[in-house]
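Structure record follows, encoded as C-alpha cells.
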Amino acid sequence: MFYGSNDAYDFETGADKDKKESVVNISGSHSGVLCAAYICLALGSSGLLWASLQAGDARVAALLFGAIICGYVYQCPPCRLSYHGLGEPLCFAAFGPLATSAFYFSQASKSQTGILPFSSTVLSVSILVGVTTTLILFCSHFHQVRIGTKRGSEVVRCGVIALYSLVPTFAALKTLPLTCAFFTLLTLPIGKLLINFVQENHNDKVKIFMAKYYCVRLHASFGVALALGLFAARFI
C-alpha cells in the first residue's frame, strides 16, 4: 500500500518523473495505483484489527495504526512530511518501535509482556530494525541529491557504524543476549561493502542508484542474524 501510494503522490509532484521502477510509470495509471493502494489500506487495516482481537491485546492495534499514521503523514497530502526532512524519522518510528513491538505483542501472551508497551529487549531489537530500514529509505533517495552526495555518503557511514556500535552496547546492558552480538557482527562485511560502495560511487548518478539494494542486503542479513541470536540464546 505504502509503496503504491508513495509512487502515486510522488508522481503528482514530479519527483518520480524519471523513476523507471515507479508503479505509476510501469502501469501508466496514476488513479489506478492510488485506488489499489487505498483498497490495500482498507483490507490491511481490517486484517490488523482482526489480528488485534485474536491476540486479545489492544496494544497491537494501537501500535500498528500508529505505524500506519506515520506512513500516511510521510507521503500523503496535506502533510507530505517527507518533503520537509521528516521521512527518515517517521520511517524509523513506523518500522522500528511501533511495528516491531506490535508484531511481538501479537505473538506473545500478556503474561509474557507485562503492562508497559515496551520491554528492554523488544525496544533494543526494534531500534536496530528501525536503523536498517531507515538506511534503505535514505539510500533510495540518495541519487536525488537530497542532502548532497558527499554528505550523504557520510550519513550512510555514520548510520552503519551506529548500527554495529549499538549491538555490543545493548549486549553489555543485557538488553540483548551475547548471541545476538555474535551473529550480527558476522554481517559486518556487508555493512563495510555498503560504506565502500556509497563512498566510491556517490558522484555517479547511475551507480549510486544501486545503493538501496546494498541496504536491502544489509537489512535482510542483519535481521536473520538477529533472529538467530535470539533463538540461540534460548538454549544457552
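Here the sequence shown stands for residues 1 to 236, numbered as in our numbering.
Cβ atoms here follow ideal geometry from the backbone N, Cα and C, with glycine treated the same way.
Do you know whose CA, among the options, lies nearest residue i's CA?
| i | options | result |
| --- | --- | --- |
| Lys207 | Gly85, Ile39, Cys139 and Leu166 | Cys139 |
| Ala232 | Gln199, Ala181, Val156 and Phe209 | Ala181 |
| Leu230 | Leu178, Pro189 and Ile195 | Leu178 |
| Ala227 | Val125, Asn196 and Gly47 | Val125 |
| Leu194 | Ala171, Leu166, Arg234 and Ser153 | Ser153 |
| Thr121 | Thr132, Thr133, Gly96 and Thr134 | Gly96 |
| Ser119 | Ser106, Thr133, Gln107 and Ser101 | Ser101 |
| Gly85 | Asp57, Thr134 and Arg59 | Thr134 |
| Gln54 | Ala67, Tyr83, Gln107 and Ile68 | Gln107 |
| Ile161 | Leu188, Arg151, Ser46 and Tyr83 | Leu188 |
| Leu173 | Arg151, Leu123 and Glu88 | Leu123 |
| Asn201 | Phe235, Arg234 and Val156 | Val156 |
| Leu64 | Pro77, Trp50 and Ala171 | Trp50 |
Can you tell me which of the three DSSP states residue i falls into?
| i | result |
| --- | --- |
| Asn203 | coil |
| Ile236 | coil |
| Lys150 | helix |
| Lys192 | helix |
| Lys174 | coil |
| His219 | helix |
| Ala108 | coil |
| His180 | For the sequence presented, residue 180 should be read as Cys rather than His. Three-state result, Cys180: helix. |
| Gly85 | coil |
| Cys35 | helix |
| Arg80 | coil |
| Ser140 | helix |
| Ser52 | helix |
| Leu90 | helix |
| Leu186 | coil |
| Lys119 | Checking the displayed sequence, the identity of residue 119 turns out to be Ser instead of Lys. Of the three classes helix, strand and coil, the one that applies to Ser119 here is coil, per DSSP. |
Assuming residue i and residue j are in contact, meaning their beta carbons sit under 8 Å apart, how far apart are those beta carbons, in whole angstroms?
| i | j | result |
| --- | --- | --- |
| Ala42 | Ser52 | Going by Cβ atoms, the distance from Ala42 to Ser52 rounds to 16 Å, so no, they are not a contact pair. |
| Tyr164 | Gly191 | 6 Å |
| Thr184 | Phe222 | 6 Å |
| Leu166 | Ile127 | 7 Å |
| Leu323 | Val73 | Here the chain has residues from 1 to 236 only, and residue 323 is not among them. |
| Thr149 | Asn203 | 6 Å |
| Phe105 | Asp57 | 5 Å |
Ignore the nearest five residues each way along the sequence and tell me which others in residue i's own chain have a CB closer than 8 Å to its CB.
| i | result |
| --- | --- |
| Leu186 | Ala225 |
| Gly87 | Tyr74, Leu81, Leu137 and His141 |
| Gly159 | Val131, Thr134, Leu135 and Phe138 |
| Ala171 | Pro177, Leu178, Cys180 and Ala181 |
Leaving out five residues before and five after residue i in sequence, what residues of the same chain have Cβ atoms less than 6 Å from its Cβ?
| i | result |
| --- | --- |
| Lys212 | Ile136, Cys139 and Ser140 |
| Cys70 | Leu90, Ala93 and Ala94 |
| Cys79 | Val73 |
What residues in its chain sit with their C-beta under 7 Å from that of residue i, if we drop five residues either side in the sequence?
| i | result |
| --- | --- |
| Phe197 | Ala211 and Tyr214 |
| Ser46 | none |
| Gly66 | Leu98 |
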